[in-house]
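Residue numbers (this note's numbering), protein chains in the order written: chain W, 3 to 392; chain G, 3 to 392.
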């Protein structure tokens, strides 16, 4: 082991992502939980799981707060203690971190972390409004700044400062859509070409339709244990060896930079230091591609390439499935989909599959260390985790 | 010390509770934070505080989720990592628990926990709707079951099963309103009589206006450290020696009992065992009197009296300021007010004042061990903490 195991992931589950008409958040979460339980026959969920830490962004989609006891109920875990963690689109990334703390505290031996969001039953205008609540109400939302607009500002600044091209951003979409075709749980299992991305309609200039991730329904979960009890549940645990959480000003107007996310750099630094590794040690990563520009900035903030070189990095093919550092093998938020509260643990799920050799047609051979990078809002929150095959 | 110190509270702050026209949640939180900082001159907030765990129930009141980075900003803590915890009205009780886990994990030495809610600018119908989101949407809210209705069901069952009287419930209101007159931060600093309570208008039979807690604005915070560094910041720390968190089915229709909250019994048992104490060791308590019946049930669930004897317990005068176990010396949710997300840490604040001799006209002499009991929704969540004077 490169890093010290902080907690073990002994199982994980993911609902099918997509437009899940007729399913509520609780039903999607039950679907994810059943997968995790069925894969781990030695686990007795109601007896063994002591707590549920669930990520969910918005009470508005389903007119439901206090959702943690409901999710615990639908996973059959009552009376395990249940709590919701919210950090916008990084809600379940933060749930991983606080689940990890719950294990490290010594209070619990086995906890479940997860996330869910049911979004597609709402009108586009409602989704836009609810998502915009993750920006600053008096200074951003109120003035009409939706998320595509905020990331468009970042994209424009990155293009201006580093010469990043719209065609380079398009390559992110092409890569992630390709990966999504290999993931049966992805929302959109369809290839796109650079030409299609470039000619899709403008959402917030320079971002076009195919630069944007998807409004999806979905849920995710994982079972964490103390490292020393992991082998009771599985022969192939994955260990969390690093965790980082950075926070920055919520309003773009208060940030030091528009071309880099300080929260991501802080989270990455903390996670790398805790794991005792450097970016060069990472074999695979799931990063928060809510917009294509966000993935390009993530390459830089995570140290996978130099500052300003994100465009060249995707152009080199390095982050493709056959490259030296495959990124978003799941299809990412772009193609797998982005049920916001589920995304952080869905990233963990993909890394868990990859590090345990269960990723089927998109399996990266020989990967040992994985990383997940989960943003909240326009990047006021970032949570990074580092995982190692047991 | 009776218990093992798990974390130290080295400072705490509370905004004035009430109808705070013109103040937003972030401004109220800054008010609370400034008190905590001004009371603790050895603390350098931006340098020392590594994380903020904030309780907030509803994004709807201020059309704002992802509020943790905003609160961190307004407390001057950026780039400390910030996350929101939500468990309905137990949100900041849960924030204490996860702040404690963050300390116990060894990852952080100093964290801030807190809570806030800005409610009074909304219409009564909006407040009722937003609060009802803490009940089960398809099975309770949708059918019109508001919180007064749910607690009225519990009151009716308790009256039926144990002969509890409306006059006994009224005594809870009388006691807490009296205590509130001694708390300059209380929302409603006004005595009420049994006659006034009994003749106030019916909200949900048998609950009348004065059986219900208040819709308030407010914020609360506390600074937690590892026990071994507490003396760097204060000569009079208060230690958290026990923490318990119970969860039950959210819908009343699924519960084993309507006259006792299983989540509260589980949380109390866990907290007492962790602290190594029994209910008889508790000197003061803040309990979740969202309705007078909830305080009566809390007496029983916490083991302060026998099952079904809550009515007699208040009648005996035991929980009054001059009784042997003063309860809700702050005025409680009934009179201090109930800005829902702020309540859990506001309970901690009162215990902190009492155990450090700062409670002025409502000071309980010689108290050494305090307890807080914070409910979420109609009791699907309960968080109990036990504190000891350092």
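Beta carbons are placed, not taken as given, at the ideal position from N, Cα and C, and that holds for glycine.
Predicted model only: the values in this text are computed from it and were never measured.
Starting from residue i, trace the alpha helix (DSSP H) both ways and give me its first and last residue.
i, result
"residue 132 (chain W)", "126-134"
"residue 335 (chain G)", "334-337"
"residue 180 (chain G)", "168-183"
"residue 28 (chain W)", "27-40"
"residue 301 (chain G)", "294-303"
"residue 353 (chain W)", "345-357"
"residue 160 (chain G)", "149-164"
Could you tell me whether any Cβ in chain W is nearer than 9 Å to the Cβ of residue i?
i, result
"residue 329 (chain G)", "no"
"residue 40 (chain G)", "no"
"residue 139 (chain G)", "yes"
"residue 259 (chain G)", "no"
"residue 155 (chain G)", "no"
"residue 54 (chain G)", "yes"
For residue i, return the contacting residues in chain G, with the cut-off set at a CB-CB distance below 8 Å.
i, result
"residue 81 (chain W)", "248, 249, 250, 264, 265 and 268"
Using a C-beta to C-beta distance shorter than 8 Å, which residues of chain W count as neighbours of residue i?
i, result
"residue 86 (chain G)", "87, 88 and 89"
"residue 75 (chain G)", "251, 252 and 256"
So with CB distances below 9 Å, who are the chain G contacts of residue i?
i, result
"residue 143 (chain W)", "65 and 66"
So with CB distances below 7 Å, who are the chain G contacts of residue i?
i, result
"residue 379 (chain W)", "68"
List the residues of chain W that residue i touches, going by C-beta distances under 9 Å, in chain order.
i, result
"residue 383 (chain G)", "68, 70, 71, 83, 84 and 85"
Measure from the C-beta of residue i to each C-beta in chain G and report whether the shortest distance is under 9 Å.
i, result
"residue 60 (chain W)", "yes"
"residue 135 (chain W)", "yes"
"residue 374 (chain W)", "no"
"residue 152 (chain W)", "no"
"residue 245 (chain W)", "yes"
"residue 26 (chain W)", "yes"
If you measure from the CB of residue i, is any heavy atom of the ligand MG nearer than 8 Å?
i, result
"residue 167 (chain G)", "This structure simply doesn't include the ligand MG, nor any ligand for that matter."
What first and last residue would you give for the beta strand (DSSP E) that runs through residue i?
i, result
"residue 313 (chain W)", "It is not in any beta strand (DSSP E) - residue 313 (chain W) instead sits in the alpha helix (DSSP H) that spans 312-317."
"residue 241 (chain W)", "240-249"
"residue 377 (chain W)", "371-378"
"residue 14 (chain W)", "9-16"
"residue 390 (chain G)", "383-391"
"residue 288 (chain G)", "286-288"
*Determine which residues of the stretch 92-112 of chain G have a Cβ less than 7 Å from any Cβ of chain W, and write them out in chain order.*
96, 100, 103, 104, 106, 107, 108 and 109
*Which residues, in order along the stretch 117-131 of chain G, keep a beta-carbon less than 8 Å from a beta-carbon of chain W?*
none
*Which whole runs of the beta strand (DSSP E) in the stretch 49-112 of chain W are 3 residues long or more, in chain order?*
53-57 and 83-88
*Complete runs of the alpha helix (DSSP H) confined to the stretch 186-268 of chain W [at least 4 residues]*: 196-201
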